[in-house]
Every structure is written in C-alpha cells, then in structure tokens.
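Scroll down for the structure; my scribbles are underneath it.
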DNA sequence: TCAAAAGTGTTAACCATACACCCATGC
DNA sequence: GCATGGGTGTATGGTTAACACTTTTGA
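Here you go:
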C-alpha cells in the first residue's frame with residue numbers, strides 16, 4: 032500500500048475552470064469543500080492524477096465524480112506550481128479550462144460532492160487555495176481565445192440565433208458590438224449553416240436558427256483561413 | 032532518505048526548448064544524453080523539480096547545470112503527461128520555451144553535460160522521449176506569439192538593425208516580408224529608439240542601430256496598444 | 001567601379017467603423 | 001396598437017499590400 036521513492040515528489044493534481052453561458056451571464060462551476068483546509072469554501076473541481084490516466088482523462092474523471100458533468104470542451108490552461116500554493120504540502124496543479132453548453136442542462140448534484148453550483152463570473156465567492164488566480168487566468172484565456180478561435184460555439188446550444196451569438200461575445204469580451212457589423216462579419220466567414228428553423232415561443236419576431244459548420248471551418252483552416260471577431 | 036506516500040505519484044520534471052538566432056538560422060539548444068534510456072540521443076535540457084523551488088526556478092537551475100546558460104527569457108509552454116511518454120515510469124513534464132540572445136555568446140560546455148549544442152530548427156537530430164512533440168509545440172508557440180508580442184527582441188542583440196529584425200521575423204515565420212512595409216509598420220509603432228550608432232565592419236553601407244524601448248511598450252500596452260507584425 | 005545592402009513614397013484595394021429605420025410577432 | 005427584438009445598407013476613413021530606384025560604403 033505505501034509507495035516509496037528515493038527523492039520526495041510533489042503531489043500532482045488537475046483543476047478545471049468550466050465556463051457556461053445561460054443567455055445572461057458567463058458562469059463558472061464551483062464545488063464547496065467539505066474538508067480542511069478551506070472547509071466550506073468554494074473551489075474549482077479537481078483532484079489527484081492517477082498513474083494510468085492522462086492529465087485530460089484525470090480532469091474528465093474528476094468532473095464526473097464531483098459535478099456529474101460530461102461532454103465538456105477542455106483545453107489545458109497553465110500549470111501552477113509555486114511551492115506555497117497549498118498550505119499542507121507541495122502540490123503542483125495542471126489547470127484546464129472548459130466550455131459547456133448550459134442551456135437546458137440540469138445541474139444535478141453528483142454523489143461525490145453534493146454541492147456543485149454555477150456562479151456568475153462577475154459575482155464570485157472567495158475561493159480556496161490560489162483558485163482565484165487560476166480562474167482569472169482562465170477568464171483571460173477565454174477572452175483572448177474566443178476572438179481568434181471558434182470556441183464560443185461550445186457555450187451555445189447546437190442551434191442558436193445571431194443575437195445569442197452576439198450577446199455571448201459581448202458578455203465574454205465585456206463590451207458592446209455593433210449589430211450590423213457583427214452579422215456582416217460572422218456571415219461573411221460562411222461558417223454558419225442556416226437551419227431554416229426559427230425560434231419558438233418568443234414574444235416578438237422569431238429569429239432564424241443557425242448552427243456552426245465545424246467541417247467547413249476545419250477545411251478553411253487548412254487553407255490558411257483565420258477566424259477572427 | 033526514502034520518501035513514502037500513501038498513493039503512488041508521478042515524477043515531475045521540467046524541460047526547456049531554448050531558441051537562439053544567429054542572423055542565419057533559428058536554433059535550439061540540445062544536450063546529448065549519457066544514460067539509458069536513449070543513451071547517446073539528443074534531448075531537451077531539463078530534470079526533476081525540487082520540493083522547494085518553483086517550476087520556473089527548476090528550469091533555470093537545470094539550464095545552468097546542463098548548459099551553463101543564464102539570462103534566458105522563459106515562458107511556460109505546456110505540460111506533457113501522457114502515461115507512456117517515459118518508458119521507465121510515469122513522468123509528467125512541464126515544458127517551457129526560452130529565447131536567448133545568441134550573438135557573440137560562447138556556447139561553453141558546462142561541467143554537468145559536456146555535450147550541449149545548438150541545432151538549426153530545420154535540421155534536428157532524432158530526439159529522446161516525446162521531445163520532438165515538445166519542440167514542435169514550442170516552435171508553433173513561438174511562431175504565433177512573435178506576431179503579437181514583442182518577444183522577437185529577446186533573440187537579437189541589444190542593438191540591432193532593421194534588416195536583422197526583418198530577417199528574424201522572416202526566419203521565424205518562414206515567409207518573406209516586404210522591406211518598405213515592414214519598416215513602416217515597425218517604425219510607426221514608435222517602440223524602437225535610434226541609438227544614433229551604425230554597424231561596424233560591414234562591406235557595404237552601414238545600417239543604423241536601434242534598440243527596443245521596453246518602457247515605452249509597457250506604457251502603451253496599458254493604454255490598450257497591441258503589438259502586431 | 002562594382003557589389004552589397006541601406007534607405008525611401010505612392011497608389012489602389014480592402015476592411016473596419018459608424019450609423020437609423022422598417023418588419024414581424026405575441027400580447 | 002404597442003412593445004420587443006429581428007433584420008437590413010451605405011459612406012467614410014484607415015490599414016494593408018504591391019511595387020523600384022537611389023544612396024552609401026568597402027573592397
């Protein structure tokens with residue numbers, strides 16, 4: 032049961048900053064810690080890396096265990112390794128950021144951590160460890176990357192209106208965009224397919240629903256096309 | 032002396048992809064391994080992270096020990112953690128990329144690794160472990176980042192000519208640039224200070240020497256200025 | 001005087017920005 | 001019929017890209 036090494040080793044963990052968008056706010060998934068240190072405080076989902084799994088596999092496993100979340104778009108963010116970041120012992124953590132389609136998703140509490148919840152990025156509680164730094168790094172990465180990679184679509188339902196898309200960009204980038212210019216730019220890229228469907232149950236003119244054409248994007252990308260908002 | 036833990040832990044290492052530019056080629060610093068596995072093969076400098084040092088401190092220490100290199104610009108690149116990347120045991124490695132002013136630098140062999148050498152990126156030997164993947168990731172990061180951050184200057188001497196700068200960009204980006212447009216763009220940013228000195232010992236008209244004004248850049252950056260080539 | 005690289009402007013095409021009104025729908 | 005958001009075009013200024021010759025210097 033015990034594992035012995037000639038030299039001491041840091042613990043290795045993964046943490047995930049999962050963003051969701053509900054047509055209103057950009058939100059982050061947090062869990063409430065049960066144990067010391069920081070018992071009761073909110074923290075990023077994460078945990079120890081097992082010996083037989085990759086880092087990304089570890090993040091996905093922890094997300095399922097702690098928040099019951101699957102089908103997350105994940106990218107590695109940064110590795111946090113300052114010697115003092117955990118008061119107990121040396122812990123190096125590989126952080127990932129994730130994007131998830133929040134619309135209509137039940138945020139069910141999983142068995143492992145009964146208390147997982149979505150918080151608006153603008154109204155976060157104090158976080159355990161250096162998780163505020165990690166979250167800030169993830170938020171900055173999202174703001175930068177959403178402009179030159181088509182990752183925003185990971186936050187929207189499969190079918191979405193141009194206004195939803197614009198509002199997503201406005202929320203993530205924290206600035207307003209001109210409606211006509213935004214539509215011109217997006218449609219000129221020719222990456223959206225018109226589903227020929229329209230919104231249902233809205234108290235105003237129903238908007239067209241589009242979906243992102245990933246295959247087309249990948250083909251264009253190879254030819255040197257650059258997505259940019 | 033032995034260190035015992037309840038659960039097994041991966042080894043944690045750092046690796047560095049250090050680039051240099053000699054007015055001709057983009058080069059990478061490699062060391063020749065003495066031990067198995069991959070004895071005799073070339074590899075990235077790197078090694079185990081100690082318990083009391085940060086990840087960046089570990090990279091700097093290893094660079095001094097293995098290649099006698101100091102004063103390197105370093106940024107974290109990516110963490111490589113696939114379970115099979117080291118044939119002996121589970122090793123997770125935090126990779127950094129580095130930039131160094133190569134001009135006139137003696138690439139002295141240090142005591143620890145007698146065999147450190149600079150290789151043109153275009154003519155690399157086979158590398159140990161997954162170091163080719165790491166190097167490729169670093170090269171791509173450099174190509175992307177050099178365009179929107181003023182990191183190219185880290186590869187040039189303090190004082191340089193506009194042609195040197197242009198040639199650096201052409202080498203890193205692997206494409207030619209228009210001389211007049213390049214100069215217009217660079218000078219319009221107003222980030223270069225004319226040293227009022229000129230090249231020495233050249234068999235043609237001597238060019239003006241400029242230096243990068245980092246303070247000015249940092250001031251402009253705060254006001255929302257974006258460097259871009 | 002030749003070779004080698006330094007240095008320098010103009011034009012045309014394209015792209016980004018600013019801006020305001022009518023339309024369709026449900027209540 | 002009114003409130004709500006959907007949908008549309010044009011004009012202007014700025015930015016990028018293409019392009020060729022003269023100057024300086026040392027050998």
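Chains as they are written, first to last, in the numbering used here: chain A, 32 to 260; chain B, 32 to 260. The beta carbon of each residue, even a glycine, is placed where N, CA and C say it ideally should be. What you are looking at is a predicted structure, and each value in this text was computed from that prediction instead of being measured.
For the putative contact between residue i and residue j, defined by C-beta atoms under 8 Å, what is the C-beta separation to the nearest angstrom?
i: residue 93 of chain B; j: residue 47 of chain B; result: 7 Å
i: residue 208 of chain B; j: residue 197 of chain B; result: 6 Å
i: residue 251 of chain A; j: residue 185 of chain A; result: Not a contact, Cβ separation roughly 18 Å.
i: residue 53 of chain A; j: residue 134 of chain A; result: 7 Å
i: residue 51 of chain A; j: residue 60 of chain A; result: 7 Å
i: residue 245 of chain B; j: residue 159 of chain B; result: Incorrect: roughly 36 Å between the Cβ atoms, too far for contact.
i: residue 183 of chain A; j: residue 193 of chain A; result: Not really, about 12 Å apart at Cβ, beyond 8 Å.
i: residue 45 of chain A; j: residue 108 of chain A; result: The pair is not a contact, with the Cβ atoms about 10 Å apart (cut-off 8 Å).
i: residue 247 of chain B; j: residue 187 of chain B; result: With a Cβ gap of about 17 Å, residue 247 of chain B and residue 187 of chain B do not count as contacting.
i: residue 204 of chain B; j: residue 174 of chain B; result: 6 Å
i: residue 35 of chain B; j: residue 33 of chain A; result: 5 Å
With a threshold of 8 Å between beta-carbons, can residue i be considered close to chain A, or not?
i: residue 75 of chain B; result: no
i: residue 177 of chain B; result: no
i: residue 110 of chain B; result: yes
i: residue 85 of chain B; result: yes
i: residue 114 of chain B; result: yes
i: residue 82 of chain B; result: yes
Buried or exposed, going by whether 16 or more other CB atoms sit within 10 Å of the CB of residue i?
i: residue 127 of chain A; result: buried
i: residue 218 of chain A; result: exposed
i: residue 229 of chain B; result: exposed
i: residue 162 of chain B; result: buried
i: residue 101 of chain B; result: exposed
i: residue 103 of chain B; result: buried
i: residue 38 of chain B; result: exposed
i: residue 71 of chain B; result: exposed
i: residue 142 of chain B; result: Legend: pLDDT at residue 142 of chain B = 48, less than 50; position of this residue unreliable, value from coordinates given subsequently. Its Cβ having fewer than 16 others within 10 Å, residue 142 of chain B is exposed.
i: residue 41 of chain B; result: buried
i: residue 97 of chain B; result: buried
i: residue 77 of chain B; result: buried
i: residue 202 of chain B; result: buried
i: residue 147 of chain A; result: buried
i: residue 49 of chain A; result: buried
i: residue 211 of chain B; result: exposed
i: residue 121 of chain A; result: buried
Could you tell me whether any Cβ in chain B is nearer than 8 Å to the Cβ of residue i?
i: residue 40 of chain A; result: yes
i: residue 34 of chain A; result: yes
i: residue 122 of chain A; result: no
i: residue 97 of chain A; result: no
i: residue 79 of chain A; result: yes
i: residue 251 of chain A; result: no
i: residue 90 of chain A; result: no
i: residue 197 of chain A; result: no
i: residue 125 of chain A; result: yes
i: residue 43 of chain A; result: yes
i: residue 9 of chain A; result: Absent from the structure is residue 9 of chain A, since the part of chain A shown begins at 32 and ends at 260.
i: residue 55 of chain A; result: no
i: residue 259 of chain A; result: no
i: residue 37 of chain A; result: yes
i: residue 107 of chain A; result: yes
Using a Cβ-Cβ cut-off of 6 Å (strictly less than) and excluding sequence neighbours within five positions of residue i, which residues of its own chain qualify?
i: residue 151 of chain A; result: 56, 58
i: residue 43 of chain A; result: 80, 123
i: residue 110 of chain A; result: 125
i: residue 89 of chain A; result: 45, 80
i: residue 223 of chain A; result: 241
For residue i, which residues from the same chain have a beta carbon less than 7 Å from its beta carbon, with the 5 sequence-adjacent residues on both sides left out?
i: residue 118 of chain B; result: 68
i: residue 213 of chain B; result: 197
i: residue 176 of chain A; result: 182
i: residue 170 of chain B; result: 152
i: residue 180 of chain A; result: 258
i: residue 112 of chain B; result: 123
i: residue 172 of chain B; result: 108, 128
Excluding the 5 residues flanking residue i on each side, which residues of the same chain have their C-beta closer than 8 Å to its C-beta?
i: residue 190 of chain A; result: 226, 228, 240, 241, 242
i: residue 82 of chain A; result: none
i: residue 164 of chain A; result: 111
Taking 7 Å as the cut-off, is the C-beta of residue i nearer than that to any heavy atom in the ligand MN?
i: residue 260 of chain A; result: Absence of the ligand MN is noted for the structure shown, with no ligands found whatsoever.
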